[in-house]
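Student:
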Amino acid sequence: MTNPVFSLKNATVTVANGTTILDHLNFDIDKDDFITVLGTNGAGKSTLFNVLSGDLMLTEGSIEHNGEDISHLPAVKRTSFLARVFQDPKLGTAPRMTVAENLLLAEKRGAKRTLRNRKLSAEKLKHYYELTKTIGNNLENRLQTATGSLSGGQRQALSFLMATQVKPGLLLLDEHTAALDPKTSDQLMAATNEQVTQNNLTALMITHNLADALTYGNRLIVLNAGRIVLDVKNEDKDALTEAELLKYFVHS
1 MTNPVFSLKN
11 ATVTVANGTT
21 ILDHLNFDID
31 KDDFITVLGT
41 NGAGKSTLFN
51 VLSGDLMLTE
61 GSIEHNGEDI
71 SHLPAVKRTS
81 FLARVFQDPK
91 LGTAPRMTVA
101 ENLLLAEKRG
111 AKRTLRNRKL
121 SAEKLKHYYE
131 LTKTIGNNLE
141 NRLQTATGSL
151 SGGQRQALSF
161 LMATQVKPGL
171 LLLDEHTAAL
181 DPKTSDQLMA
191 ATNEQVTQNN
201 LTALMITHNL
211 ADALTYGNRL
221 IVLNAGRIVL
231 DVKNEDKDAL
241 TEAELLKYFV
251 HS
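Position one of the sequence shown corresponds to residue 1 (the UniProt record's numbering), numbered consecutively onward.
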């Protein structure tokens, strides 16, 4: 039995008015897990992600990364092993920098950065061309375009590539296709699945799409009132139906 990459032990978040958002949550994330995360609004999904990323500190309990307690490690320090893609395509990219410059910036995630000329070599541009071509939305032909001029789908695809081009220890996908039209969403989900599975990434993906939750990943959890009420993987996950999943939302 392998040790988990991340482990939350009695993880609790209580806000000023006394409301408990995460309720003594015990949750292990194993290497190469691709976990889809479901739950109603207020179930604790975003809080779970904020705790993992370091944007929110626990009230009680602890969080470990490869056996080391990182409960008080700030978010900026966690970028060396963690990446996140948000629902809003505008987050995660620098709008005045070109697509290529954003990709160059992302290569330095978690490392020390120095001021230097942003001119890119022909070899580097060729690499970025091949990288962006894998997404299939014409992003490869807009490498020298300011990111703020891209469509929402292209900008979100860029955010995803920036999060994954340097393999993170944990990838958080925070409803990263929710703001996109159905065709663009399907396109990005296919690219996401390919990247995660082929590169053996450890990932959590929040989604409200039951079909996506059942289709993608090796494991599925449902949160309710800050607790995990369902945690299935592999064959048990494959046997789940949308009708069975809906039962966890009717009485939430």
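For each residue, glycine too, the CB sits at the ideal point set by N, CA and C.
Go through the region 177-230 residue by residue and report every complete run of the alpha helix (DSSP H) that reaches 4 residues or more, in order.
Tutor: 182-198 and 210-215
Student: For Asn3, does the three-state DSSP call read helix, strand or coil?
Tutor: Looking up residue 3 in the sequence shown gives position 3. When DSSP states are grouped into helix, strand and coil, Asn3 belongs to the coil group.
Student: On the criterion of 16 or more Cβ atoms from any shown chain inside 10 Å, does Val76 qualify as buried, or is it exposed?
Tutor: In the sequence shown, the residue the question calls residue 76 occupies position 76. Exposed, because fewer than 16 other Cβ atoms sit within 10 Å of the Cβ of Val76.
Student: Counting C-beta neighbours from all protein chains within 10 Å, is the total for Ser7 16 or more, i.e. buried, or is it exposed?
Tutor: Position 7 of the sequence shown, counting from 1, holds the residue named residue 7. Burial call: buried.
Student: Ordered along the chain, which non-local residues of its own chain (more than five positions away) have a Cβ less than 8 Å from that of Asp69?
Tutor: Here residue 69 refers to the residue found at position 69 of the sequence shown. Within the same chain, Asp69 has close Cβ partners Ser62 and Ile63.
Student: Quick one: residues in its chain with C-beta nearer than 6 Å to the C-beta of residue 255, no 5 flanking neighbours on either side, listed in chain order?
Tutor: Nothing can be reported for residue 255, as the shown portion of the chain is limited to 1 through 252.
Student: Hey, would you say Thr202 sits closer than 8 Å to Leu170, going by beta carbons?
Tutor: The residue labelled residue 202 in the question sits at position 202 within the sequence shown. The residue labelled residue 170 in the question sits at position 170 within the sequence shown. Contact flag set, yes.
Student: In the DSSP assignment, find the alpha helix (DSSP H) that holds Glu101 and state where it starts and stops.
Tutor: Taking the first residue of the sequence shown as position 1, residue 101 is located at position 101. Residues Val99 to Ala106.
Student: I need the DSSP call for Gly153, collapsed to helix, strand or coil.
Tutor: Position 153 of the sequence shown, counting from 1, holds the residue named residue 153. Here DSSP, grouped into helix, strand and coil, assigns Gly153 to helix.
Student: For the structure I just gave you, are there three or more beta carbon pairs, one from the region 91-105 and one from the region 182-201, closer than 8 Å?
Tutor: No, the region 91-105 is not in contact with the region 182-201.
Student: Between which two residues does the beta strand (DSSP E) carrying Asp23 extend?
Tutor: Translated into the one-based positions of the sequence shown, residue 23 becomes position 23. Looking at the DSSP string, the run of the beta strand (DSSP E) that includes Asp23 is Thr20 to Ile29.
Student: My understanding is that Ala225 touches Ala43, with C-beta atoms under 8 Å, so please give their C-beta distance in whole angstroms.
Tutor: Position 225 of the sequence shown, counted from the start, is the residue given in the question as residue 225. Position 43 of the sequence shown, counted from the start, is the residue given in the question as residue 43. The Cβ separation is near 7 Å, so the contact holds.
Student: Name, in chain order, the residues that DSSP records as bridge partners for Asp174.
Tutor: Translated into positions along the sequence shown, residue 174 becomes position 174. Ile206.
Student: Work out the CA separation of Arg109 and Pro168 for me, nearest whole Å.
Tutor: Within the sequence shown, the letter at position 168 stands for residue 168. Within the sequence shown, the letter at position 109 stands for residue 109. Between Pro168 and Arg109, the C-alpha separation is close to 9 Å.
Student: How far does the beta strand (DSSP E) with Arg84 in it extend, from its first residue to its last?
Tutor: Taking the sequence shown and counting its residues from 1, one reaches residue 84 at position 84. Start and end: Leu82 to Val85.
Student: So which of Gly67, Ile21, Ser71 and Thr36 has the shortest CA-CA distance to Thr47?
Tutor: Residue 47 sits at position 47 when you count from the first residue of the sequence shown. Residue Ile21 is the option with its Cα nearest to Thr47.
Student: Sort Thr2, His127 and Gly136 by Cα distance to Gln154 and report the nearest one.
Tutor: Residue mapping note: residue 154 aligns to position 154 of the sequence shown, counting from 1. Residue Gly136 is the option with its Cα nearest to Gln154.
Student: Would you list the residues sitting across from Leu146 in a DSSP beta bridge?
Tutor: Here residue 146 corresponds to residue number 146 of the sequence shown, with the count starting at 1. At residue 146 the sequence reads Ala, which differs from the Leu that was named. Bridge partners of Ala146: Thr98.
Student: Short of 8 Å in beta carbon distance, which residues of its chain neighbour Leu115, apart from the five on each side in sequence? Order them along the chain.
Tutor: For the purposes of this step, residue 115 is taken as the residue at position 115 of the sequence shown. Confidence at Leu115 is low in this model, with a pLDDT of 46, below 50, so its placement is unreliable and no value can be given for it.
Student: Have a look at Thr177 and Thr207 and give me their C-alpha separation to the nearest angstrom.
Tutor: In the sequence shown, the residue the question calls residue 177 occupies position 177. In the sequence shown, the residue the question calls residue 207 occupies position 207. So the two alpha carbons sit approximately 8 Å from each other.
Student: Nearest-angstrom Cα distance between Pro95 and Thr12?
Tutor: Here residue 95 refers to the residue found at position 95 when the sequence shown is read from its first residue. Here residue 12 refers to the residue found at position 12 when the sequence shown is read from its first residue. Between Pro95 and Thr12, the C-alpha separation is close to 36 Å.
Student: For His127, does the three-state DSSP call read helix, strand or coil?
Tutor: Here residue 127 refers to the residue found at position 127 when the sequence shown is read from its first residue. His127 falls in the helix class under three-state DSSP.
Student: Would Leu172 pass as a contact of Leu82 if the rule is Cβ separation under 8 Å?
Tutor: Position 172 of the sequence shown, counted from the start, is the residue given in the question as residue 172. Position 82 of the sequence shown, counted from the start, is the residue given in the question as residue 82. Yes, Cβ-Cβ distance for Leu172 and Leu82 is below 8 Å.
Student: Any beta carbon of chain D sitting closer than 8 Å to that of Leu103?
Tutor: Annotation note: the requested chain D is absent from the structure, which comprises a single protein chain.
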